[in-house]
Every structure is written in structure tokens, then in C-alpha cells.
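The block underneath contains the structure these notes are about, expressed in C-alpha cells.
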Amino acid sequence: HRLFKKLGVSESLTLHLNTLGSSEARARFRKALVDYLEGVKDKLDEDSLRRLYVNPMRILDSKSKTTQALLDSAPQFKDFIDEESVEHFDRLCELLTAAGVTYVVNPRLVRGLDYYTKTVFEWMTDALGAQGTVCGGGRYDGLIPLLGGKPTPASGFAMGVDRLLLLLEALEVIPADIYNTVDVYMVVAGEQAELAAFKLAETVRSLPSKPRLQMNCGGGSFKSQMKKADKSGARCALILGDDEAAQKVVQVKDLRGESEQKTLAWDDLAEIFA
0 HRLFKKLGVS ESLTLHLNTL GSSEARARFR KALVDYLEGV KDKLDEDSLR
50 RLYVNPMRIL DSKSKTTQAL LDSAPQFKDF IDEESVEHFD RLCELLTAAG
100 VTYVVNPRLV RGLDYYTKTV FEWMTDALGA QGTVCGGGRY DGLIPLLGGK
150 PTPASGFAMG VDRLLLLLEA LEVIPADIYN TVDVYMVVAG EQAELAAFKL
200 AETVRSLPSK PRLQMNCGGG SFKSQMKKAD KSGARCALIL GDDEAAQKVV
250 QVKDLRGESE QKTLAWDDLA EIFA
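Residue numbers for the sequence shown, in our numbering: 0 to 273.
Below, the structure is given as C-alpha cells:
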């Protein structure tokens with residue numbers, strides 16, 4: 000929640016929560032669900048039919064409207080969940096409320112792997128059409144025992160970083176062309192210069208103004224690298240050869256204006272990216 004708030008997208012994301020209870024409760028519910036779905040299997044969508052005996056609980060989050068309608072009459076997980084898991088979930092909801100995190104309890108939210116226990120969650124948005132889940136995870140105390148270890152409480156999540164970036168673009172938090180914008184392009188000539196270039200690149204990227212630096216890592220002649228520098232859209236090129244690397248200086252070439260090429264010490268680069 001803090002991450003999404005910092006990124007400026009929290010208002011467009013909703014936290015969905017559910018509890019899967021203990022493995023014993025889930026097994027009882029799974030059997031009841033399969034028994035019910037077998038009676039209406041001729042009406043299930045193709046994906047749900049495929050999951051019926053392999054992972055029936057995933058049918059609960061089917062995108063098929065017909066299947067969702069059938070589930071309205073299906074057994075409800077809340078009737079099978081153990082008391083300890085109910086208390087645990089209620090406490091979690093209290094903690095989230097105390098922390099100012101709003102949420103929706105979604106009884107059809109599941110995770111596809113059997114080692115999940117109790118809490119499961121997804122952060123969802125309606126700003127990306129059907130691909131609405133940006134992040135999902137939960138508690139999986141059952142994972143380590145499945146791998147042969149001792150019972151170990153654990154939780155985690157997976158995040159669709161591509162979807163998060165698409166959300167940032169859709170909400171215009173960042174411009175869509177930010178990934179194609181380069182401030183400076185580094186041209187490297189020489190074996191020693193290549194080593195020094197990586198260090199210098201990090202120095203430039205760490206400057207207070209955070210310039211976006213692209214560096215040629217595919218070799219090529221000086222001429223071909225300069226063509227790439229011009230094509231990148233960068234406003235200047237940093238040219239580093241073996242001699243420059245030895246002296247800790249760099250040639251600065253203006254790619255968009257008519258300023259003369261000049262030599263700067265590495266420590267003085269901040270002045271051109273102010």
C-alpha cells in the first residue's frame with residue numbers, strides 16, 4: 000500500500016482479501032465444490048472444465064459470466080472454514096483498518112497452489128480493462144513442509160511490473176515516452192575505457208539531477224557509436240577513451256546545439272546536468 004501510494008496510483012487500486020483457512024478446511028470445501036460442479040459440468044466453460052479435477056478452487060475466479068452465475072448456488076467456503084482461521088482473518092482486517100488501508104473481502108478470491116494457507120490477496124484496478132490484477136499473493140505456511148522442511152510461516156507476492164508501468168501510463172503519472180528518453184549517451188573506445196565507463200556511468204546516474212544515461216555495450220566503431228548516440232535523442236555524448244580513463248576526464252560533445260566539444264574531469268560533470 001505504501002509503495003502504490005508513493006507511486007501515485009493507490010487511488011486506482013483496490014485491495015481484495017480472502018482467507019483459505021487451514022489445509023483441512025480447504026480439502027473439505029474442495030470436495031463439496033467438485034461434487035456440486037459435477038452436477039452442472041455441461042454448463043461450465045472450457046477453462047473451468049479443465050480445472051475441475053486439477054484445481055477446482057480456481058474456478059471461483061473464472062472470468063465466464065455463465066460460470067459465475069452457476070457459482071451463486073455453489074457451496075460457500077465460509078461454511079467450511081475453521082474457527083482459528085476466521086479469528087486470524089478478522090484480526091488482519093482490524094490491523095488493516097487501523098493502518099488506514101481500505102479493502103474488499105472477496106470470497107471468490109483464491110490462489111492456484113495448494114501450499115497457500117489463510118490470507119490471500121490481490122491489488123486490482125479497473126484502469127487496464129480485463130487485465131486488472133497488478134499484484135497478488137498471500138500466506139503460504141505449507142510451502143516449506145512440501146519441500147521437506149519444518150513448518151515455517153511465510154508470505155509473499157508476485158507483481159506484474161509491466162502492468163504496473165501500464166497503470167502509471169494510463170493514469171498519466173509518467174509520460175508514455177519516458178522509456179525512450181535519453182539525456183546522455185556514453186561512447187566508449189578502448190579496453191581500459193570500457194572498464195572505467197561502467198564506473199563513470201554509475202557516477203552520472205547518481206547525480207542529484209538523475210540524468211538518464213545510455214551506454215553502448217555492443218562494441219562497434221567510434222563512428223557507429225556516435226550514430227547511435229545521435230539516434231538516441233540524447234542532448235550530449237560522453238566520449239571515453241583509454242587516455243581519458245587514465246586521467247579521469249571525459250570528452251563532452253553537444254549533440255543538439257553548436258557548443259564546442261570540451262574536456263571535463265569526472266568530478267565536474269555535475270555542472271552540465273544541473
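Backbone N, C-alpha and C fix where the C-beta goes; we use that ideal spot for every residue, glycine too.
#1: Between T66 and D41, what straight-line distance do the alpha-carbon atoms span, to the nearest angstrom?
#2: Count the other C-beta atoms from every protein chain shown that fall within 10 angstroms of the C-beta of V104, then say buried if there are 16 or more, exposed otherwise.
#3: Span of the alpha helix (DSSP H) holding Q67?
#4: On the three-state DSSP scale, how would you describe I173?
#5: Can the beta-carbon of V100 be found closer than 8 Å to that of L163?
#6: For the beta strand (DSSP E) that H274 lies in, which residues bound it at each end?
#7: Under 8 Å, do S9 and G141 count as touching if we go by C-beta distance?
#8: For the alpha helix (DSSP H) that contains A26, what are its first and last residues?
#9: Note the first and the last residue of the continuous beta strand (DSSP E) segment covering M56.
#10: At the level of alpha carbons, what is the spacing between P152 and L95?
#11: Leaving aside the five residues before and after A233 along the sequence, list all residues of the same chain whose C-beta is less than 8 Å from its C-beta, in chain order.
#12: Quick one: what's H352 bridged to in DSSP?
#13: In this structure, how does DSSP classify V109 when only helix, strand and coil are distinguished?
#14: In whole angstroms, what separates the C-alpha of K5 from that of L194?
#15: Going by C-alpha distance, which of G147, K226, T18 is nearest V119?
#16: Please look up how many angstroms separate the CB atoms of Q260 and V248, rounded, as I've assumed it's under 8 Å.
#17: Which of the three DSSP states is assigned to F76 in this structure?
#18: Spell out a yes or no on whether the segment 67 to 76 and the segment 27 to 46 are touching, meaning 3 or more CB-CB pairs, one atom from each, closer than 8 Å.
#19: Checking 8 Å against the spacing of the C-beta atoms, do R138 and T116 come in under that value?
#20: Can you give me the Cβ contacts of I55 inside the same chain, cut-off strictly under 8 Å, excluding the 5 residues immediately before and after it?
In terms of the structure at hand:
#1: 11 Å
#2: exposed
#3: 64 to 70
#4: coil
#5: no
#6: Because residue 274 is not part of the residues shown, which for the chain are 0 to 273, the question remains open.
#7: no
#8: 22 to 37
#9: Note, M56: premise wrong, no beta strand (DSSP E); not H, not E.
#10: 20 Å
#11: V181, D182, V183, Y184, Q213, L254
#12: There is no way to answer for residue 352, as the model of the chain reaches only from 0 to 273.
#13: coil
#14: 36 Å
#15: T18
#16: About 12 Å; that fails the 8 Å criterion.
#17: helix
#18: yes
#19: yes
#20: It should be pointed out that residue 55 corresponds to Pro in this sequence rather than to Ile. Counting only Cβ-Cβ distances below 8 Å, and skipping sequence neighbours, we find R29, L32, V33, L36.
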